[in-house]
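Colleague:
2 protein chains.
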Amino acid sequence: AVEKKQSFSNRGKTLEDEINEANEFYLRQKLAVIHKKPVPLQIVKVEYPSRSAAVVREAYFRTPSTTDYNGIWQARYIDFEAKETENKTSFPLKNIHAHQVQHMQAIVEQGGITFVIVRFSKLERYFLLSFDVLKEAWDAMLVGARKSIPLAIFETSCLEIQTGYYPRLDYLKAVEQFYEQT
Amino acid sequence: AVEKKQSFSNRGKTLEDEINEANEFYLRQKLAVIHKKPVPLQIVKVEYPSRSAAVVREAYFRTPSTTDYNGIWQARYIDFEAKETENKTSFPLKNIHAHQVQHMQAIVEQGGITFVIVRFSKLERYFLLSFDVLKEAWDAMLVGARKSIPLAIFETSCLEIQTGYYPRLDYLKAVEQFYEQT
Ligand SMILES: [Mg+2]
Ligand SMILES: [Mg+2]
Chain S
258 AVEKKQSFSN RGKTLEDEIN EANEFYLRQK LAVIHKKPVP LQIVKVEYPS
308 RSAAVVREAY FRTPSTTDYN GIWQARYIDF EAKETENKTS FPLKNIHAHQ
358 VQHMQAIVEQ GGITFVIVRF SKLERYFLLS FDVLKEAWDA MLVGARKSIP
408 LAIFETSCLE IQTGYYPRLD YLKAVEQFYE QT
Chain W
258 AVEKKQSFSN RGKTLEDEIN EANEFYLRQK LAVIHKKPVP LQIVKVEYPS
308 RSAAVVREAY FRTPSTTDYN GIWQARYIDF EAKETENKTS FPLKNIHAHQ
358 VQHMQAIVEQ GGITFVIVRF SKLERYFLLS FDVLKEAWDA MLVGARKSIP
408 LAIFETSCLE IQTGYYPRLD YLKAVEQFYE QT
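This is the structure in structure tokens:
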């Protein structure tokens with residue numbers, strides 16, 4: 258398994274690059290329509306120079322209240338967050354905002370599919386963290402339990418996303434497998 | 258009908274304000290989870306002043322390749338664009354980009370719900386322009402027909418969205434009615 262991972266090296270790509278590559282593939286193959294949402298910015302000042310395009314001169318990054326990606330796959334609504342960690346033994350929950358958990362909860366209640374793709378960068382391992390597993394850890398944290406999800410939980414309770422040649426991160430394969438099981 | 262419209266005046270709100278108000282209502286009532294996507298910007302320069310938040314100092318507006326709003330409603334993927342026109346007799350198709358039409362086509366192929374909410378501002382009338390009607394006018398334009406959709410087509414082929422007290426623009430009522438018919 259280690260050799261296979263090395264042969265499909267990600268060549269310094271970010272998780273976002275890899276997901277975007279997969280999404281372009283899905284779109285071309287008519288398998289799904291999933292896009293990254295633009296970064297939410299609070300625009301304060303815009304200049305309109307004559308004879309050229311408007312320029313934003315002052316804007317601030319806002320805390321996202323939803324997730325990074327959403328779209329449609331097999332007539333189903335799909336909505337997820339992508340997170341990388343350098344940590345080798347656990348995924349720190351400070352990577353997720355309370356508003357995002359609330360958003361994901363609302364999606365589940367509407368019958369949508371929602372999860373987090375977690376990449377352990379140093380380990381070159383990717384997991385599909387389902388909302389149920391996230392929510393359990395989140396709620397436990399709120400009443401004083403640990404502020405991270407151990408790698409062991411990923412190994413026992415989450416699907417590991419296998420990398421391949423193209424798209425390298427065919428995450429919908431894992432989604433399909435996970436939602437067939439449940 | 259005219260009197261009713263006046264009593265529920267929009268008090269200078271933009272169409273976007275009205276849709277956002279409806280979306281907040283739907284979210285609170287657990288009827289749907291629909292959000293406006295952030296404005297797509299090409300960020301060129303970011304400053305990181307010490308002891309304060311990062312500031313975007315140069316960014317440009319990008320042409321949207323998808324639509325303004327998407328989300329989930331009754332377990333279905335919903336994706337739409339909102340457009341206002343000052344024109345009293347027709348909706349100019351220059352308000353829509355080719356990429357958006359392609360995006361909407363892809364959504365239909367995946368089994369999603371997609372449409373345009375058109376507000377004739379001067380007339381205070383709102384219509385649910387279905388993708389079928391839009392596509393027909395769009396394709397006709399590409400082979401030389403008119404570059405706008407006449408109000409008469411809206412009146413005969415689209416559902417008119419009735420305004421009410423709160424949310425003023427309960428557009429999902431029209432969506433429900435439209436998709437029950439088809
Ligand atoms: Mg992310
Ligand atoms: Mg718009």
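From first to last, the protein sequence lines stand for chains S and W.
Take 258 as the starting number for the first sequence in the working numbering and just add one per residue.
Take 258 as the starting number for the second sequence in the working numbering and just add one per residue.
Even for Gly, the Cβ is constructed at its ideal location relative to N, Cα and C.
1) Are S:ILE335 and S:ILE370 close, meaning C-beta to C-beta below 8 Å?
2) Mind the definition here: the region 349-362 of chain W touches the region 323-330 of chain W only if three or more C-beta pairs lie below 8 Å; say whether that holds.
3) Can you list the residues of chain W that S:ARG314 reaches, using a CB-CB cut of under 9 Å?
4) Considering only their Cβ atoms, is the gap separating S:VAL296 from S:LYS340 smaller than 8 Å?
5) Cβ closer than 8 Å: which chain W residues qualify as neighbours of S:ASN327?
6) Are the C-beta atoms of W:TYR334 and some chain S residue less than 8 Å apart?
7) Relative to ligand 1, what is the chain-ordered list of residues with a Cβ closer than 5 Å to any of its non-hydrogen atoms?
8) Looking only at its chain, what residues have a beta carbon closer than 7 Å to the beta carbon of W:LEU284, apart from the 5 residues adjacent to it on each side?
9) Determine whether the Cβ of W:GLU273 lies closer than 8 Å to any Cβ atom of chain S.
10) On a CA-only basis, which of W:GLU437, W:TYR428, W:VAL432 is nearest W:PHE282? Give me that one, please.
11) Nearer than 7 Å: is that true of the beta carbon of W:ALA339 relative to any heavy atom of ligand 4?
12) Measure from the alpha carbon of S:GLU278 to the alpha carbon of each residue in S:TYR436, S:PHE435, S:TYR423, then state which is nearest.
13) Thinking C-alpha only, which one of W:LYS392, W:SER387, W:LYS379, W:LYS287 is nearest W:ILE329?
14) Are the C-beta of S:LYS270 and some C-beta of chain W separated by less than 8 Å?
15) Can you check DSSP and say which residues form a bridge with W:LEU385?
16) Within the 8 Å Cβ cut-off, does W:GLU366 reach chain S?
17) Nearest chain B C-beta to W:LEU391 closer than 8 Å, yes or no?
18) Listing by chain order, which chain S residues have their CB less than 8 Å from the CB of W:THR323?
19) Distance check for W:LEU391 and W:ARG382, CA to CA, integer angstroms please.
20) Determine the DSSP secondary structure at S:ALA431, reduced to helix, strand or coil.
21) Which residues in chain S sit within 9 Å of W:LYS287, going by Cβ to Cβ distance?
22) Within 8 Å (strictly less), CB to CB, does S:PRO424 reach chain W?
23) Considering only residues of the region 258-313 of chain S, which uninterrupted beta strand (DSSP E) runs meet the minimum length of 3 residues and lie entirely inside it, listed in chain order?
24) Spell out whether any CB of chain W is found under 8 Å from the CB atom of S:ALA310.
25) Measuring CA to CA, which of W:GLY368, W:ILE410, W:LEU350 is closest to W:TYR436?
26) Can you tell me where the alpha helix (DSSP H) with W:GLU366 in it begins and where it stops?
27) Give the secondary structure of S:GLU338 by DSSP, where H, G and I count as helix, E and B as strand, and everything else as coil.
28) Do W:VAL312 and S:TYR317 come within 8 Å of each other at the CB atom, strictly closer than that value?
29) For a contact meaning CB atoms closer than 8 Å, what does S:LEU380 contact in chain W?
30) Using the Cα positions of S:LYS379 and S:ILE418, report the straight-line distance between them to the nearest angstrom.
31) From S:ARG333 to W:ALA332, what distance separates their C-alpha atoms?
32) Select from W:ALA310, W:GLU366, W:THR420 the residue whose C-alpha is nearest the C-alpha of W:PHE388.
33) Starting from the beta carbon of S:PRO295, find every residue of chain W whose beta carbon is closer than 7 Å, and list them in chain order.
34) Tell me, please, whether the CB atom of W:LEU284 is closer than 8 Å to any CB atom in chain S?
35) According to DSSP, is W:ASN344 part of a helix, a strand, or is it coil?
Modeller: For this structure:
1) yes
2) yes
3) VAL313, ARG314, GLU315, ALA316
4) no
5) ASN327, GLY328
6) yes
7) S:ASP325, S:ALA339
8) VAL290
9) no
10) W:TYR428
11) For ligand 4, the structure offers nothing, since it holds only ligand 1 and ligand 2.
12) S:TYR423
13) W:LYS287
14) no
15) W:ILE374, W:LEU416
16) yes
17) Among the protein chains in the structure shown, which are S and W, there is no chain B.
18) HIS292
19) 18 Å
20) helix
21) ALA363, GLU366, GLN367
22) no
23) 289-293, 298-304
24) yes
25) W:GLY368
26) 355-366
27) strand
28) yes
29) Those do not exist, as S:LEU380 stays about 29 Å from chain W at its closest Cβ, beyond 8 Å.
30) 16 Å
31) 7 Å
32) W:GLU366
33) LYS294, PRO295, VAL296, PRO297, LEU298
34) yes
35) coil
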